[in-house]
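Q:
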RNA sequence: UGGGACGUCGUCCAAUAGGCAGGACACACGGCUCUGGACCGUGGAAUCGGGGUUCGAGUCCCUGCGUCCCAGCCA
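Numbering (our numbering), first residue to last: 2 to 794.
#1: Would residue 376 and residue 470 be called neighbours here (beta carbons separated by less than 8 Å)?
#2: What separation, rounded to the nearest whole angstrom, lies between the Cα atoms of residue 341 and residue 275?
#3: Using only the alpha-carbon positions, how far apart do residue 271 and residue 92 sit?
#4: To the nearest angstrom, how far is it from the Cα of residue 492 to the Cα of residue 511?
#5: Is the beta carbon of residue 416 sitting closer than 8 Å to the one on residue 47?
#6: With H, G and I counted as helix, E and B as strand and the rest as coil, what does DSSP make of residue 50?
#7: Taking 7 Å as the cut-off, is the CB of residue 562 close to at least one heavy atom of the ligand ZN?
#8: Report the partner residues of residue 372 according to the DSSP bridge assignment.
#9: Going residue by residue through the stretch 517–559, where are the continuous beta strand (DSSP E) segments of at least 3 residues, counting only ones entirely within it?
#10: Taking the Cβ atom as the reference point for each residue, do residue 526 and residue 353 lie within a distance shorter than 8 Å?
#11: Measuring alpha carbon to alpha carbon, tell me which residue in 750, 506 and 317 is nearest residue 343.
#12: Can you check which of these residues, 686, 700 and 743, is closest to residue 717 by C-alpha distance?
#13: Suppose the cutoff is 6 Å on Cβ atoms and the five residues either side in sequence are ignored; what does the same chain contact list for residue 797 look like?
#14: What's the C-alpha gap between residue 267 and residue 236?
#15: When the Cα atoms are used, what is the spatial distance from residue 16 to residue 238?
#16: Answer with buried or exposed for residue 567, where buried requires no fewer than 16 other C-beta atoms within 10 angstroms of its C-beta.
#17: With DSSP collapsed to three states, give me the class of residue 471.
#18: I need the straight-line Cα distance from residue 322 to residue 513, nearest angstrom please.
#19: Taking the alpha-carbon positions, what's the residue 60 to residue 348 distance?
#20: Where in the stretch 402–448 do unbroken runs of the beta strand (DSSP E), each at least 3 residues long, occur, reported from the N-terminal end onward?
#21: Taking all protein chains shown into account, do 16 or more other C-beta atoms lie within 10 angstroms of the C-beta of residue 115, making it buried, or fewer, making it exposed?
#22: Considering only residues of the same chain and omitting the five flanking positions on each side of residue 508, which have a CB-CB separation below 8 Å?
#23: With a CB to CB cut of under 7 Å and the five nearest residues on each side skipped, what residues in its chain are close to residue 140?
#24: Applying the 10 Å Cβ sphere with the 16-neighbour rule, what's the burial state of residue 689?
#25: If we count Cβ pairs, one from each stretch, closer than 8 Å, do we get three or more for the stretch 783–793 versus the stretch 747–767?
#26: Give the single residue among 167, 173 and 130 whose Cα lies nearest to the Cα of residue 155.
#27: Who are the near neighbours of residue 580 in its chain, counting only those whose CB is closer than 7 Å to its CB and skipping five residues on each side?
#28: Quick one: is residue 671 buried, meaning 16 or more other Cβ sit within 10 Å of its Cβ, or exposed?
#29: Helix, strand or coil for residue 665 per DSSP?
#30: How is the alpha helix (DSSP H) around residue 340 delimited, first residue to last?
#31: If you draw a straight line from the alpha carbon of residue 468 to that of residue 319, how long is it in whole angstroms?
#32: Using the DSSP secondary-structure output, state which residues sit across from residue 355 in a beta bridge.
#33: In angstroms, rounded to a whole number, what distance separates the CA positions of residue 586 and residue 382?
#34: Considering Cα atoms alone, identify which of 779, 201 and 171 is closest to residue 213.
#35: Taking the alpha carbon of residue 698 as the point to measure from, which residue in 676, 606, 666 and 714 has its own alpha carbon closest?
#36: Got a sec, what are the start and stop residues for the beta strand (DSSP E) residue 203 sits in?
Here's what the structure looks like:
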């Protein structure tokens, strides 16, 4: 009925991201016969980071959802930076994230022979040539973004010469840089990537896999699309900065014999995360300059760093789902990462108690030399897991220094002189006396406990506002705890560096790691294995460091703090105690002398102005349309940018002599379908457009139907009158026919009707839309609106 | 600047080919609680600006502004 059915978007794509939408449409259309083959193509010259995780989740995820395949292909075309250790690390990271690739591990370097043959073919077809200019000359002659490049004197070498030279390049007859192989495309192309891109360069270097077999290596622009084709990839997903490279990608697929393969490249926005940096180059510097301990430093946004910190693969995948995928540059709030980590670990991590900054407490009414064991559950009531451990209690305890205040601020529920609090899973205690040293520093609290509150509740029903964690002074063990915090003290280190003209390393957070040498841990988990998660109650989630923990001496990494609503209320000062840096405000970028650069980019209108300046016929029509036909300057402008458009317009006028109406349709509805500003690619002519406008003008069809009919004309051609008759699209203007539909829609949506009557008149659009839908767009919307108002008014 | 892309709550992502601007995080308030956790409830909060087309525009047309990418023999 409507054009919808003929629409390529026949798949249900609601809510899908744009890549999944494309894949669903391809499946619906049968572009690849329902096959989905993606690939993840890291270069083995560094470690994977969270940004890669989003790419991995996307490419592997889409394949999984569509019963497709994903290849892991190392893009190892640059022998000077790549190394086998990275190959191993990357595989480990991908697997750890929970993905398994198809077809074994693949390498671009495995295709070197075939790629070379393809290069030979390009040369034979006259599509590539050997350029013997120096690197500087090539750069010089490439031009700039505003000026075209110029061909090198070698551009027109004969096929024979090129073949000979290429062969000798391969044979190792030349020094590095003596020659390069370039695609022969267009030195004046507005897209810099298309100015005869380099295909091969000479590099007498040892490749970690092919050894010294080759001394010429393919460039990314050449190797990537053709590797995709060799593997018969369908959807090749990469980040936005490769948008310009897509032209080269498509050019190669078109100009090299790749059989049936028709891989297509799609680009999505790369991830930026607050308080960290994400470029491999910068991460490498962090490692090499010793700002962190290595690629797997728990502060690094690398997969290995996150793994060592204790972030689970489930959280990372959840994170990727949470932030989604789109084409807009974005910067994700670090809070989202913290959220997914808590979400996951809340369910998994057993609870134990650890005191990071111990303050001694003596229970004066507890018998000297005695102790007892209390049973404490490992999980809270709302986590469906069983288990408990024994916690020793005695006369001497430690509590968190920040859980005591001599002079408590408002809403401080913890311990203070004369106040009673609950020791988690144990007894109520009351603080009687504060002991200080000569310097006035609090060194000990003397408290009394209420023996009747064993287990944490009072038989007399009295309540305490605060519960604090604690450990036995005599039975707890000293452990090393590392408190990790954001790596940088500003949200956007790159931006801060740029606006201040300094290096990004100047914004490192000196508190990103605070090591506590002797925290006090309850004995039950004193010999925790490496690689285990715990929640230290009231503090956060911790993970036994898999590298530095030794048997019987675990080292704990703080993965993330607990959400802390008290921290928001409390004065920001004492946060150092928990290593949580106060959120530093960013240096305002507004002070920078913002360069007011005038933009002289030509608008479409200006382009058409230029065309009319050299085409008197169009210029004359512009005047005539505006002055004699009474069109607005905007309409006259759009219609006179090309003869095919002006011709179409006038042909339409010959059928339906209402310039204003025809212009309206041509400009607002049809112009978007003009190909390159020309109307001659259309499957119909001006006469059909005129006929369509006439149908609408005579109220034979509604304007909405008119648009549907136009859509059909655009996709299949045809005569509007015939389309209307064929599909029964005549407009219904009879109130008696529409009224029952209106009533039915109102009856079907009593709640909405109520809201409308209550004043939410914006719902009129909803009711009109519903009726339009029910009538297949044939009802007169103005009439519907009138009826809706009457019925609900 | 030539070309390519992108602008929706503070943040990230939606809105079925024009028809109720929605979700999550964050935030605020309240409830519950032996973790100031978790959980539950409530609330504020956005279509970059200006014109136009339409009964109706985030979505279509014109225009202005802003941001990102490209001038490696890196990927």
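Even glycine gets a Cβ: it sits at the ideal position worked out from N, Cα and C.
A: Answer, in terms of the structure:
#1: Stepping through the first chain from its first residue, residue 376 is reached at position 375. Stepping through the first chain from its first residue, residue 470 is reached at position 469. Contact: no.
#2: The sequence position of residue 341 within the first chain is 340, counting from 1. The sequence position of residue 275 within the first chain is 274, counting from 1. The alpha-carbon atoms of residue 341 and residue 275 are separated by roughly 15 Å.
#3: Numbered from its first residue, the first chain carries residue 271 at position 270. Numbered from its first residue, the first chain carries residue 92 at position 91. Cα-Cα distance, rounded: 21 Å.
#4: Taking the first chain and counting its residues from 1, the one referred to as residue 492 is at position 491. Taking the first chain and counting its residues from 1, the one referred to as residue 511 is at position 510. Going from the Cα of residue 492 to the Cα of residue 511 covers about 15 Å.
#5: The residue labelled residue 416 in the question sits at position 415 within the first chain. The residue labelled residue 47 in the question sits at position 46 within the first chain. It is not a contact, given that the beta carbons lie outside the stated cut-off.
#6: Here the question's residue 50 lines up with position 49 in the first chain. Of the three classes helix, strand and coil, the one that applies to residue 50 here is strand, per DSSP.
#7: Absence of the ligand ZN is noted for the structure shown, with no ligands found whatsoever.
#8: Numbered from its first residue, the first chain carries residue 372 at position 371. In the DSSP output, where bridge partners are listed per residue, residue 372 has 395.
#9: For the beta strand (DSSP E) assignment, the uninterrupted runs of no fewer than 3 residues enclosed by the stretch 517–559 are, from N- to C-terminal side, 534–537 and 541–545.
#10: Residue mapping note: residue 526 aligns to position 525 of the first chain, counting from 1. Residue mapping note: residue 353 aligns to position 352 of the first chain, counting from 1. Result yes, Cβ atoms of residue 526 and residue 353 sit closer than 8 Å.
#11: In the first chain, counting from the first residue as 1, residue 343 sits at position 342. Here the closest residue by C-alpha is 317.
#12: Translated into positions along the first chain, residue 717 becomes position 716. Checking every option, the nearest Cα to that of residue 717 belongs to 686.
#13: No statement about residue 797 is possible, as the shown extent of the chain runs from 2 to 794 and does not include it.
#14: Along the first chain, read from residue 1 onward, the residue named residue 267 stands at position 266. Along the first chain, read from residue 1 onward, the residue named residue 236 stands at position 235. Approximately 7 Å, taken between the alpha carbons.
#15: One-based indexing of the first chain puts residue 16 at position 15. One-based indexing of the first chain puts residue 238 at position 237. If you take the alpha carbons of residue 16 and residue 238, they lie about 19 Å apart.
#16: In the first chain, the residue the question calls residue 567 occupies position 566. Result: exposed.
#17: Walking along the first chain from the start, residue 471 turns up at place 470. Of the three classes helix, strand and coil, the one that applies to residue 471 here is strand, per DSSP.
#18: Residue numbering aside, residue 322 sits at position 321 when the first chain is read from its first letter. Residue numbering aside, residue 513 sits at position 512 when the first chain is read from its first letter. Between residue 322 and residue 513, the C-alpha separation is close to 27 Å.
#19: Counted from its first residue, the first chain places residue 60 at position 59. Counted from its first residue, the first chain places residue 348 at position 347. Roughly 28 Å between the two C-alpha positions.
#20: Inside the stretch 402–448, DSSP marks whole beta strand (DSSP E) runs of 3 or more residues at positions 421–424 and 429–437, from first to last along the chain.
#21: Locating residue 115 in the first chain gives position 114, counting from the first residue. Classification of residue 115: exposed, given that the 10 Å Cβ count is below 16.
#22: Here residue 508 refers to the residue found at position 507 when the first chain is read from its first residue. Taken in chain order, the residues that qualify are 489, 490, 491, 494, 497 and 498.
#23: Position 139 of the first chain, counting from 1, holds the residue named residue 140. Taken in chain order, the list of residues that qualify is empty.
#24: Position 688 of the first chain holds residue 689. With 16 or more Cβ atoms within 10 Å of its Cβ, residue 689 is classed as buried.
#25: Flag = yes, the stretch 783–793 and the stretch 747–767 touch.
#26: Taking the first residue of the first chain as position 1, residue 155 is located at position 154. Nearest option by C-alpha distance: 130.
#27: The residue labelled residue 580 in the question sits at position 579 within the first chain. Residue placement at residue 580 cannot be trusted, given a pLDDT of 38 that sits under 50; the coordinates are not used to answer.
#28: What you label residue 671 is simply residue 670 of the first chain in a count that begins at 1. Classification for residue 671: buried.
#29: Residue mapping note: residue 665 aligns to position 664 of the first chain, counting from 1. Residue state, collapsed to three classes: helix.
#30: The count along the first chain starts at 1 and reaches residue 340 at position 339. Looking at the DSSP string, the run of the alpha helix (DSSP H) that includes residue 340 is 335–349.
#31: Within the first chain, residue 468 is the residue found at index 467, counting from 1. Within the first chain, residue 319 is the residue found at index 318, counting from 1. About 32 Å.
#32: Along the first chain, read from residue 1 onward, the residue named residue 355 stands at position 354. DSSP output for residue 355 lists 522 as bridge partner(s).
#33: Looking up residue 586 in the first chain gives position 585. Looking up residue 382 in the first chain gives position 381. Caution is warranted here: a pLDDT of 34 is assigned to residue 586, below 50, making its placement in the model unreliable, and the coordinate value is therefore given only provisionally. Distance between the alpha carbons of residue 586 and residue 382 is about 39 Å.
#34: As a first step, residue 213 must be located in the first chain, where it is residue number 212. Of 779, 201 and 171, the residue nearest in Cα terms is 171.
#35: Taking the first residue of the first chain as position 1, residue 698 is located at position 697. Comparing Cα-Cα distances from residue 698 to each of 676, 606, 666 and 714, the minimum goes to 666.
#36: Against the first chain, residue 203 aligns to sequence position 202. Segment 199–203, the beta strand (DSSP E) holding residue 203.
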